[in-house]
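Comments concern the structure below.
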Amino acid sequence: MSRHIDHEAEATDRVMFGFWVYLMTDLLMFAILFAVYAVLHGNTLGGETGRDLFSLPLALQETLLLLTSSFTCGIAMIAARQRKKAQTLLWFGITFALGLAFLGLELYEFAEFIHEGHTMQTNAFLSSFFVLVGTHGLHITSGLLWMGVTLIYVMKRGLNDHLVRKLAMLSLFWHFLDIVWIFIFTTVYLRAFV
Amino acid sequence: MSRSSVHSPHGPENEHKTMQSYVVGFILSLIFTFIPYYMVVNEVVSGTALLATILGFAVVQMIIQVVFFLHLGRGPKPFYNIVFLVFTVVAILVVVGGSVVIMHNLHYNKTIPDQTKSLINDEGIYQIEGTLTGACRGQHDNHQVTIKDGKVSPLYTAAKQCDTLTFINEDDGTRKISFGQHENHGSYAGNTEIEVKKGRNKTITLSETGAYQFHDHLHHETAGVFTVTK
Amino acid sequence: MREFLLGKLDGHALPHEWFTIAGSIAFIAMMLATILVITRLKKWKWLWSEWLTSVDPKKIGIMYFIAGGFMLARGGLDAVMIWLQQAFSSGDSHGYLSADHFQQVFTAHGNIMVFFVAMAFIFGLINYIVPLQIGARDLASPFLNTLGFWLYIAGVVMVNMFFLLGGEYAATGWLAVAPLSGPEFSTGVGVDYWIWSLQISGIGTTLGAINFIMTILRMRAPGMSLWKMPPFTWGSLCSMVMAVTVFPLLTATLFLMFFDRYFGTHFFTTTGGGDPMMYTNLIWMWGHPEVYILMLPAFGVFTEVVSTFSRKAVAFYKTNVIGMIGVSSFALSVWLHHFFTMGASANVNAFFGVMTIFIAIPTAVVFFTWIATMYKGRIKFDTPMLWFLGFVAIFTIGGLSGVILGIPPADFQLHNSLFLVAHFHSNVIGGVLFGIFCGITYWFPKFTGIKLNERIGRQAFWCWVIGFCMSFIPMYILGLMGAPRRLDHYDASTGWQPLFVMMLIGGIIIAIGLALQIAQIIASFIQKNRLRDATGDPWDGRTLEWSVASPPPFYNFTVIPKVNSRDAFWDMKQAGDHKPEYEDIHIPKNTAAGIYISIFAFFIGFGFVWHINWLAVVSFIGILIVFIVRAFDEHPEYTLTASEVKELEAARTKQAKAERRHNPTNDRDEDMGLWELIKVIVTFGFGLARKTLTRGKA
């Protein structure tokens, strides 16, 4: 029996490590998008620049939402490790809501731009903006999807080792997305006003 | 981080510590979000200094979150996680920094349309689906233009597309060969200015058809003409 | 409605040119033949449960070899087409290929050889050998492994799909440099096929690489520290670390290119503020390290082979490993040498030129450790060792010509010429392909339990080396004479034709070499009783993979070995046997999830190629569902109890003893020759024909 636990623990250790390496590959994918944005963000063809388009308060709101969700996600993980099901569901629920709010704000911002005629076909600056921020948004969406599905399974099966491992991976992913957002906030939004 | 995140028998004390680290990380992150925001809104400093400062704050906040949220280094076997993180950060610096430096350098030397022309020519793909790309198909004759005592000979060169043209400088000074008129410089096939040091020569591929003037940018009376036909 | 359902797909997409019709017929005929044979033999269930859904890295490795072998033939056919065109298309003759078709052929040749041949063989070798070398029973994530393999297969199907639908492949060169691959020039579906075949197989590569890193860093046998790892495992680790670093860059770049083509964004276009040079910059960040990703496992193979056949431990083992680490650490700092002539300033060019030349130093260090290993060794010149020696000769030529190209002023003269093409073929054929052949010959007894025929193997080797020299040394000369690459026609006055004809002859000799290799495998199976490796250790090897039977049982090791030194198995042999203590073994269950996900991934690509949005969306949802179902399956393993293991082992030992009594000969000069093989095949054919005829009469 002790051997079995050993085997499980080793598997968890491996999976967490593999997931960490995956996160690194994802970071490198973002690196390309950041590089493209850094090179192309001036190519507006005389159109509106980031300074004319972006709203700093909105970006700050998004940042705070995501940062708080990263924090609540951490608290949720503490509860999950102690196998406190109700608390886990509550805190992940809050995380989910915050993430959804973040996504809502981002979509609102995109919709505004597109409504004003600033689409990603307009120029290279907007292409790289939409793709960089949009890719982050897609990651958030998949994180929310994953959170939703895992939570449904938690409700059905309770907090077993397998699901806690899934949640641990999810929380890594979520913290990681917040770190990527710090750089989007800085190099896309704040930088436009420098 | 790793095994501890699922299995290890966390005591209440341990959980308390973890909780503490999340709270500390959260507060620090808030601070490091607001400071750069405030600095940008009020333009406390400006230009490159501000950019460097806010990037610095972003990096510090990243480190804070890696330490307090991801708890890197606290698991039982964190070594490779750290190695991979460091490795990735270096790779990202190379990718982003390298791209910015290289692209800036390229644009400084050549405009994007000129680069595109050289690029297509260098790929050696002269047509796609019947549309000509502007690249040459194979290589053909070589023509020579000698510059001696400020005179160009021959003054007029007639060439076929994809021939090559060699500028030979037999004078003492460096020649900077430009295209078009002296007041109104143009470019030819991706070349804006060709520098030929004394006693040296430079060759260009005549991939574009038409009639072109060229002259020495420093001595614009040293000039000549070449035509390229299909 | 029609546009919604079928996108751009219509009757024009059906094959209507000679090569697409021929390709389609070949494609469909091969499919039908396979289906027919399997149905006749009633092997569908066996194929599905024993192979296709298997998560055993050994079986996946073999499947990689088979797929890679097919693609080698496919890419080789492209090569012959290029040689033929260039040999005859001079002066008034314009050869048999149109310019556009010729471009598609060399584009496909490049993609297939790098992505679907070299990568497949390298992944096959790593899959099979690495777990055995580190004393592991499986990979860290068996599921990721099948997924990676099947995504690769989806890429293979995608890259050949244009025969059936669309009729054109990218005509842009193997990296599809913008803006040539953008919507301005390439309006057809060729580039889309290019994007999606690389995208799908590239994601598979990333997943596979993550898996191997997990395996190597977390699943080594107790006692095997990093400095006790066998060299092949080290080479694979370096290579896979590079793969996880640069393949995401490829994925992102391909997505941006896809956005330009599909959604009309302006990343790499010449209008709208896009920057085509950015594409070149990004793609080479992946493109250059990719070469090292292929090369380092091959280096590992050579180190193993040199050590085994010199009957010595690897000399300067740590130096050798540090050399490989050195190559991989500098891999991401040389990419600009692919566009020295694009307008970078002298300083930038100088930096990347120096880095390029610098990377020759760790490579040379590795070479010197091989020479030191051979020094005073009792060298046995079996075929693996011959491949190694061929590699040393050819790779050195390629490496030194690379140093020449790395000097920016020389590059201004040599870029876009055949000299460059000859350079990288020296490295990729002489280095990677010879490394793969060397590895396959070396480990073939482990894969199948049968040693490869030596006589025909040697003949194949000499065909490859002579063919290579005849084909590529003229190419160097042509390059220096000014012949540009990608040349579908040249003037008679250039006087290049004799050299191009010589290249074609060399190509034919290489093709004969490839045919001989197939003959070699057939001859070995015909003589399988004679060539049977009953010991599991046919070469007197030093590393752990030789400590298990050939082929190994599905659980690899009955007992996980304890490792005390670098040459773990060599030490065990010196120490002698001891009785094993059996234990429970966890075995992952087979899964078809990888196949389903890959089918959906294929249809995502297909949907985007033809602008059938609903198909892409539906397929994406399909992937999500399969993934969720798989992710929340809490019992992906079953347990083999100690007593079951004991029974299996007893049966195996008994069989091995019986086989050893046959005592296969070790006199390799009496292996079947080519004539004998032909005689056997002809006799067999006559026998089969007679049987069928007499049965028909009765």
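Protein chains in written order, with the working numbering: chain A, 1 to 194; chain B, 195 to 424; chain C, 425 to 1122. Where a beta carbon is used, it is the ideal one built from N, C-alpha and C, also for glycine. In this text the structure is predicted, and so the values were computed from the model without any measurement.
Residue i burial status per 10 Å Cβ neighbour count (16 or more: buried)
i: N773(C); result: buried
i: F198(A); result: Since the first residue of chain A shown is 1 and the last is 194, residue 198(A) is not available in this structure.
i: I486(C); result: buried
i: A523(C); result: buried
i: M1(A); result: Its pLDDT being 39, under 50, M1(A) is placed unreliably in this model, and the value from its coordinates should be taken loosely. The residue in question, M1(A), is exposed, as its Cβ has fewer than 16 Cβ neighbours within 10 Å.
i: S517(C); result: exposed
i: K1081(C); result: exposed
i: E106(A); result: buried
i: A544(C); result: buried
i: F687(C); result: exposed
i: A999(C); result: exposed
i: K195(A); result: Absent from the structure is residue 195(A), since the part of chain A shown begins at 1 and ends at 194.
i: I1049(C); result: exposed
i: T694(C); result: buried
i: V875(C); result: According to the sequence provided, residue 875(C) is Lys. The question's Val does not apply to it. Buried is the call here.
From the options, residue whose alpha carbon lies closest to that of residue i
i: V541(C); options: A770(C), I558(C) and I577(C); result: I577(C)
i: T1123(C); options: L718(C), I707(C) and M648(C); result: Chain C is shown only over 425 to 1122; residue 1123(C) falls outside these bounds and no answer can be derived.
i: Y37(A); options: M24(A), V133(A), L100(A) and G46(A); result: V133(A)
i: Y741(C); options: T693(C), F691(C), L706(C) and P655(C); result: P655(C)
i: A916(C); options: I1049(C), I452(C), R498(C) and F512(C); result: F512(C)
i: V730(C); options: L810(C), E1073(C) and D835(C); result: L810(C)
i: T403(B); options: Q338(B), V419(B), H413(B) and H414(B); result: V419(B)
i: I75(A); options: G380(B), F263(B) and K271(B); result: F263(B)
i: W620(C); options: M585(C), T596(C) and A633(C); result: M585(C)
i: A1074(C); options: D1095(C), Y1006(C) and S1043(C); result: Y1006(C)
i: L98(A); options: A192(A), I140(A) and G18(A); result: I140(A)
i: L904(C); options: V852(C), S825(C) and A457(C); result: S825(C)
i: Y866(C); options: V889(C), P962(C) and M798(C); result: P962(C)
i: S215(B); options: A383(B), G292(B), N299(B) and L266(B); result: L266(B)
i: A101(A); options: T49(A), G117(A), L58(A) and T44(A); result: L58(A)
i: P808(C); options: C662(C), A907(C) and F885(C); result: F885(C)
i: R644(C); options: L968(C), T669(C) and A667(C); result: L968(C)
i: P348(B); options: G219(B), I286(B) and F408(B); result: F408(B)
i: P922(C); options: I901(C), P908(C) and L938(C); result: I901(C)
Proximity of residue i and residue j at Cβ, strictly below 8 Å
i: R990(C); j: K652(C); result: yes
i: H533(C); j: D502(C); result: yes
i: A441(C); j: G614(C); result: A small correction: the amino acid at residue 441(C) is Glu; Ala does not occupy that position in the sequence shown. Cβ distance not < 8 Å, so E441(C) and G614(C) don't count as in contact.
i: L842(C); j: M766(C); result: no
i: V21(A); j: I637(C); result: yes
i: L1072(C); j: P977(C); result: yes
i: L400(B); j: K370(B); result: no
i: L588(C); j: P833(C); result: no
i: Y153(A); j: L56(A); result: no
i: W710(C); j: L760(C); result: no
i: A1040(C); j: M29(A); result: no
i: N535(C); j: L622(C); result: yes
i: I296(B); j: A602(C); result: no
i: R157(A); j: L163(A); result: yes
i: I933(C); j: M894(C); result: yes
i: I322(B); j: L604(C); result: yes
i: L359(B); j: H379(B); result: no
i: V987(C); j: M648(C); result: yes
Beta-carbon neighbours of residue i, restricted to chain D and to distances below 7 Å
i: G612(C); result: The structure shown contains no chain D; its protein chains are A, B and C.
Check whether the stretch 1046 to 1060 of chain C and the stretch 1015 to 1023 of chain C are in contact - that is, three or more C-beta pairs closer than 8 Å.
yes
Which full runs of the beta strand (DSSP E) of 3+ residues lie inside the stretch 294 to 349 of chain B, going along the chain?
Runs of the beta strand (DSSP E) lying entirely within the stretch 294 to 349 of chain B, each at least 3 residues long, are 336 to 342 and 345 to 347 in chain order.
With contact counted as at least three CB pairs below 8 Å, one residue from each stretch, are the stretch 857 to 868 of chain C and the stretch 919 to 931 of chain C in contact?
no
What alpha helix (DSSP H) runs, 4 residues minimum, are completely inside the stretch 562 to 627 of chain C?
566 to 584
I'd like to know if the stretch 367 to 383 of chain B and the stretch 941 to 955 of chain C are in contact, where contact means that at least 3 CB-CB pairs between them fall below 8 Å.
no
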